[in-house]
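A.B. asks:
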Amino acid sequence: MIKKIQSRHWPAILLVAVILTLAVVVVLNLRARTPAPEQADEEVAADLSLGQFEYTETRKGQKQWTIVADSAGYHKDQARTRIANPRVTFFNEEGESDGIFLSARHGEVNTETRELEVWDDVRVESASGYTLTGERLFYDDARRLITSQEPVRILFDGFDVAGRGLRLNVDSRVLEIPQEVEAYIDGRLMGRQAE
Numbered sequence: 008m009i010k011k012i013q014s015r016h017w018p019a020i021l022l023v024a025v026i027l028t029l030a031v032v033v034v035l036n037l038r039a040r041t042p043a044p045e046q047a048d049e050e051v052a053a054d055l056s057l058g059q060f061e062y063t064e065t066r067k068g069q070k071q072w073t074i075v076a077d078s079a080g081y082h083k084d085q086a087r088t089r090i091a092n093p094r095v096t097f098f099n100e101e102g103e104s105d106g107i108f109l110s111a112r113h114g115e116v117n118t119e120t121r122e123l124e125v126w127d128d129v130r131v132e133s134a135s136g137y138t139l140t141g142e143r144l145f146y147d148d149a150r151r152l153i154t155s156q157e158p159v160r161i162l163f164d165g166f167d168v169a170g171r172g173l174r175l176n177v178d179s180r181v182l183e184i185p186q187e188v189e190a191y192i193d194g195r196l197m198g199r200q201a202e
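Residue numbering for the sequence shown follows my numbering, starting at 8 and increasing by one per position.
1) Would ILE74 pass as a contact of ARG94 if the rule is Cβ separation under 9 Å?
2) Pair every Cβ in the region 138-154 with every Cβ in the region 117-130, then say whether three or more of these pairs are closer than 8 Å.
3) Could you please give the first and the last residue of the uninterrupted beta strand (DSSP E) stretch that includes LYS67?
4) For VAL125, list the residues DSSP reports as bridge partners.
5) Could you give the C-beta distance for GLU142 and ALA169, rounded to a whole number, given that I count them as a contact under 8 Å?
6) Note the first and the last residue of the continuous beta strand (DSSP E) segment covering ASN99.
7) Assuming GLU61 and TRP72 form a contact by the criterion Cβ under 8 Å, report the distance between their Cβ atoms to the nearest whole angstrom.
8) How is PRO44 classed by DSSP in three states: helix, strand or coil?
9) So for ASP84, helix, strand or coil by DSSP?
10) Could you name the residues of the same chain whose beta carbon sits closer than 7 Å to that of ARG112, not counting the 5 residues immediately before and after it, in chain order?
11) With distances taken between CB atoms, is the gap from PHE135 to GLY106 smaller than 9 Å?
12) What's the gap between the Cα of GLY114 and the Cα of GLY165?
13) In whole angstroms, what is the alpha-carbon distance linking SER133 and PHE108?
14) Would you decide whether PHE98 is buried or exposed? Buried here means 16 or more other CB atoms lie within 10 Å of its CB.
15) From PRO44 to ARG87, what distance separates their C-alpha atoms?
16) In angstroms, rounded to a whole number, what distance separates the CA positions of ARG174 and PHE163?
17) Is the distance from the Cβ of GLU187 to the Cβ of PRO158 below 9 Å?
18) Below 7 Å CB to CB, which residues in the same chain sit around ILE192 once its five sequence neighbours on both sides are set aside?
19) Nearest to HIS2 by CA position, among ARG160, ASN117, PRO185, is which residue?
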């Protein structure tokens with residue numbers, strides 16, 4: 008036979024229900040805040056981790072390039088800094104913005120050579136209107152050269168050029184795509200070069 012719950016037991020039952028509800032909310036929030044395993048490993052492995060990272064490379068007192076990223080993890084033993092969502096602005100010899108901007112989802116700076124590698128959804132945009140896309144690019148600061156061995160694509164004013172490999176001189180803006188080149192002008196295929 009079911010007994011009626013006496014009115015004096017209601018506060019205790021209500022208190023237990025509130026405590027159980029709070030416990031469930033706390034556990035769910037802790038799970039939501041725990042980073043994914045690959046993120047946790049990256050943060051633990053880094054000697055220094057920063058949010059909102061900004062770095063400017065200078066030469067003879069003039070800006071060469073600036074990186075702004077959502078976060079960075081410095082690995083002293085490897086002399087590397089891994090960066091998330093890097094955005095790079097290149098500057099000319101006078102230290103003024105050169106109108107070349109690079110962005111990607113991931114990147115890594117060699118802190119000794121000042122070389123930069125970026126990957127995943129890579130874009131290079133110019134103030135003159137061209138957009139270059141690819142999956143992985145390297146920037147050699149000593150030569151002021153952006154290179155890749157991967158497929159790349161350039162879009163500019165009715166031109167659509169795709170190929171494999173890239174050499175872009177940041178100062179002269181001379182660009183070379185050495186392999187498997189296809190060029191479309193206003194949607195028409197213009198030619199193909201294979202090496």
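Yeah, the Cβ is synthetic: ideal placement off N, Cα and C, and Gly gets one too.
C.D. replies: Once the coordinates are examined:
1) yes
2) yes
3) Careful: LYS67 lies outside any beta strand (DSSP E) and carries neither H nor E.
4) GLY114, LEU144
5) At roughly 13 Å, the Cβ-Cβ gap does not stay under 8 Å, so GLU142 and ALA169 are not in contact.
6) No beta strand (DSSP E) contains ASN99, which DSSP labels as neither H nor E.
7) In fact, because the Cβ distance is near 12 Å, the residues do not count as touching under 8 Å.
8) Residue confidence is low: PRO44 scores 36 on pLDDT, short of 50, so the model does not pin down where it sits. Its coordinate-derived value is still stated next. PRO44 falls in the helix class under three-state DSSP.
9) helix
10) ASN92, ASP127, ASP128
11) Correcting the residue identity first, residue 135 is Ser in this sequence and not Phe. In this structure, GLY106 lies closer than 9 Å to SER135 by Cβ.
12) 30 Å
13) 6 Å
14) buried
15) Confidence at PRO44 is low in this model, with a pLDDT of 36, below 50, so its placement is unreliable and no value can be given for it.
16) 17 Å
17) yes
18) GLY165, PHE166
19) No answer is possible for residue 2: it lies beyond the span of the chain, which begins at 8 and ends at 202.
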